[in-house]
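Residue numbers (my numbering), protein chains in the order written: chain A, 754 to 1010; chain B, 8 to 451. Glycine included, C-beta positions come from ideal geometry on N, C-alpha and C. Note that this is a predicted model, so its numbers are computed, not measured.
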Amino acid sequence: MLTIHNLKVRVDGKTILNGLDLEVRPGEVHAIMGPNGSGKSTLANVIAGRDGYEVTSGTITYQGRDLLGLAPEERARQGVFLAFQYPVEIPGVANVYLLKEALNAVRTSRGESELDAMDFLKRVREKLQLLEMKEEFLYRSVNEGFSGGEKKRNEIFQMAILEPKLAILDETDSGLDIDALKVVANGINALRSPDRGIVLVTHYQRLLDYVVPDHVHVLAGGQVVRSGNRSLAVELEERGYGWIENHAADAVRAEAG
Amino acid sequence: MSRSAAATEAYLAAHQALASMLPAAGTPWLDHRRSSARDQFRELGFPTLRDEQWKYTNVRSIIRQAFTLPPAESGWMDKGQVDAAAVPGMDTYRLVFADGILVPQLSRCDDLPKGVTVTGLADMLRTDPGRLEGELGELLGEPTHGFNAMNSAFVCDGAFVEIGPGVVVDRPIELLFISATGGEGRLALPRNLVLLRAGSQATLHERYVSASPARCLTSAVSEVLIEDDAKLHLERLQEESERSFHIGGLFAEVGRNACFTTNAVTLGGALVRNDLVVNLNEEGAEARLNGLYVVGGRQHVDNHTQVFHNSPRTTSHERYKGILNGHARAVFRGHIRVQPDAQQTDAVQNNHNLLLSPDAEVDTMPQLEIYADDVKCAHGASVGQLDKDAIFYLRSRGVAEAEARHMLTRGFMADVLDELEPLPLRQYLQHRIDRLMSAAREAT
Ligand SMILES: Nc1ncnc2c1ncn2[C@@H]1O[C@H](COP(=O)(O)OP(=O)(O)OP(=O)(O)O)[C@@H](O)[C@H]1O
Ligand SMILES: [Mg+2]
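Here is the structure:
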């Protein structure tokens, strides 16, 4: 459902992604790992359509369409969802209001009718329960004054409501306590289905114990330098990135020479 | 002669011609007050940019033209305009004024609770001037600029509101000032006196709207006394036409454990200046002062606030927010003064501005002057644009860009709007503002 081919991205004139390839098929869960600053969030943001990233070459195809030509809201309506590494605080806009606008925008573009107030509230309550969140969160301003962990949980709550086809979760596990991690993992697993793709950006093996990925990729030097299964994550946890980066550097040198 | 002096002279001449016909002329104390205000007006003249308090607000466009008071009996009686201005779903006691002069036929105050007086100031001056002698002009004190002095020199009509001790008024009292009811060049000089006796509670709406797009000048003065343990919620809404000029002054005094909440909303007017002076005179006095201006085109709005903490344990929380479109210009000057014995003062002042256009401009000047040592004071000011990250966040959830901007703009002002009482007024304003904002979007 998502095919990224030879993606090169510059930020402020600096090349961050340098020929990245990735293929996500429906039903799959992919984990992307990699050192700080390696471009994981850059990749997530480019998929979601954030400004300020210059795609200098390559393609992103989503459900057979060119994703890069679409506005961010259009991507969201087609089922792309990004859980932010740093969710944004929006004073004065109630969580429930955003959910309603977002859900209606997504439904309308799918040709479905807007949910009536009763059905909407029912769905919202159900997902609150799934993520063990109090109802008062609905009426607070989006992320304003939320703790780090609450913000992350709120991202997954939004995802649960919107039921995207392709979810990119950027370090949703960072900053979560152990119990919250289980709850969030539950929320992610609940979304797993044969027609959905999930990409987890993470630094820790821990999340992957709960949400077991089909594929694990390591991003370094702007490329996927290694792909494997779960055991790659375990290995990384033990050995760090050093050994892979060395391999990658060797590969680049070999290519240059 | 300077332009300012020439304009002053013109109004002084009008005053001379009208003095004997003003309401209750011949009442010695009133004559005296009017004539000393006239002398102060002559001395002060109209403010110029050299005046520190008017540095960013040029009144040249106002004094270029001679505005004239309406005839004593204008006969204007357009019920349709009053109905159009009414806030849906809100029942009020109401006084209606046409260019500052009471229109009894359109007013609706017959079933007021016991102990409450809501009537025209001119009527009061004619029938019971003694009741006003100790109060009128007391809180304004020495006028600090020509507009207030001019209002005092003429004192013709406005509202007199008195809430007796311990009385809680069940509905908002609405003072609806309709300007431009008689063509170009009208002058309205509303003068309001509001007295909340000890332990009383009321909500008051001071509203300014236009009957037509004719260019008019309103120069209003309201004096508000809130005695011990009383609570007043005063909403001031400026929705006059985009060609109108409005100078409004509010002078309040708050007693022991009394609470004064006021929200000044400016949507209309070519040039609007609001002065707010609050004296927290007794222990436990509290003021919650909010403002919201949503302006565009070439509108100019200037809010000047002064809060005096004159006694210990007094509180003032002030929050003004502005949204500017087009070439609009806003000025905010907030002055808080904590007097030496006003220990344990709690004062917060904020002014935040959202520029939705590169051509809009804001000058904001918060100012704290603290002479006591055991106080909690804070102030902040900002001028900024919509948060790009927030726009992207909303778009990434499927919200269209224009809608995202709209949501954020609404969110920006939500906390101030939420202060307005009662709910139907909030909804009415939200709706008005939504329409202004979409008109501004279409204009660009
Ligand atoms: N707007 C920007 N301006 C300048 N540099 C940027 C910008 N955005 C990203 N970068 C740079 O691009 C590189 C990749 O950043 P990115 O956020 O994608 O890393 P990451 O892999 O997500 O790291 P982390 O694990 O710390 O979240 C970093 O060196 C970062 O400083
Ligand atoms: Mg990152």
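Where residue i meets chain B, residues with beta-carbon distance less than 8 Å
| i | result |
| --- | --- |
| L835(A) | S403 |
| L851(A) | L401, R404, V406, M414 |
| D804(A) | K395, F399 |
Cβ-heavy atom distance, residue i to ligand 1, below 7 Å
| i | result |
| --- | --- |
| I757(A) | no |
| Q958(A) | no |
| N771(A) | no |
| G805(A) | yes |
| V764(A) | yes |
| G901(A) | no |
| G993(A) | no |
| G153(B) | no |
| S791(A) | yes |
| G787(A) | yes |
Neighbour list for residue i in chain A, Cβ cutoff strictly below 8 Å
| i | result |
| --- | --- |
| G418(B) | I843, P844, G845, V846, S894 |
Short CB-CB distance (under 8 Å) between residue i and chain A
| i | result |
| --- | --- |
| F104(B) | no |
| D396(B) | yes |
| D164(B) | no |
| A6(B) | Look at the range of chain B in this structure, 8 to 451, and you will see that residue 6(B) is not part of it. |
| A292(B) | no |
| A259(B) | no |
| A421(B) | yes |
Contact with chain B by residue i, beta-carbon distance below 8 Å
| i | result |
| --- | --- |
| L972(A) | no |
| A870(A) | no |
| Q911(A) | yes |
| E854(A) | yes |
| P825(A) | yes |
| A709(A) | Since the displayed chain A opens at 754 and closes at 1010, residue 709(A) lies outside it and no answer follows. |
| A801(A) | yes |
| G1010(A) | With a pLDDT of 46 at G1010(A), under the threshold of 50, the predicted position of this residue should be treated as unreliable, and no value is reported. |
| F873(A) | no |
Proximity of residue i and residue j at Cβ, strictly below 8 Å
| i | j | result |
| --- | --- | --- |
| R198(B) | G171(B) | no |
| V279(B) | I233(B) | no |
| L299(B) | L331(B) | no |
| F184(B) | T225(B) | yes |
| A859(A) | L915(A) | A small correction: the amino acid at residue 859(A) is Val; Ala does not occupy that position in the sequence shown. Yes, the Cβ-Cβ distance between V859(A) and L915(A) is below 8 Å. |
| I769(A) | R778(A) | no |
| I440(B) | L274(B) | yes |
| A292(B) | L283(B) | no |
| L241(B) | V231(B) | yes |
| L196(B) | F161(B) | yes |
| L961(A) | A801(A) | no |
| A388(B) | T371(B) | yes |
| T134(B) | F167(B) | no |
| E213(B) | Y100(B) | no |
| G127(B) | L102(B) | yes |
Near ligand 2: residue i beta-carbon under 7 Å from a heavy atom
| i | result |
| --- | --- |
| S403(B) | no |
Neighbouring residues, chain B, relative to residue i (Cβ below 7 Å)
| i | result |
| --- | --- |
| V859(A) | G405 |
Chain-ordered neighbours of residue i on chain A, where CB pairs are closer than 9 Å
| i | result |
| --- | --- |
| S410(B) | Note on residue identity: the sequence assigns Glu, not Ser, to residue 410(B). Those within 9 Å of E410(B) in chain A are E826, E854, A858. |
Contact test: residue i Cβ vs ligand 3 heavy atom, cutoff 7 Å
| i | result |
| --- | --- |
| P197(B) | Questions concerning ligand 3 fall outside what the structure shown contains, since the ligands it does hold are ligand 1 and ligand 2. |
Q | Test item, CB below 7 Å from any non-hydrogen atom of ligand 2 | A | Taking each Cβ in turn, the ones that pass are K793(A), S794(A), Q838(A), D923(A), E924(A), V954(A).
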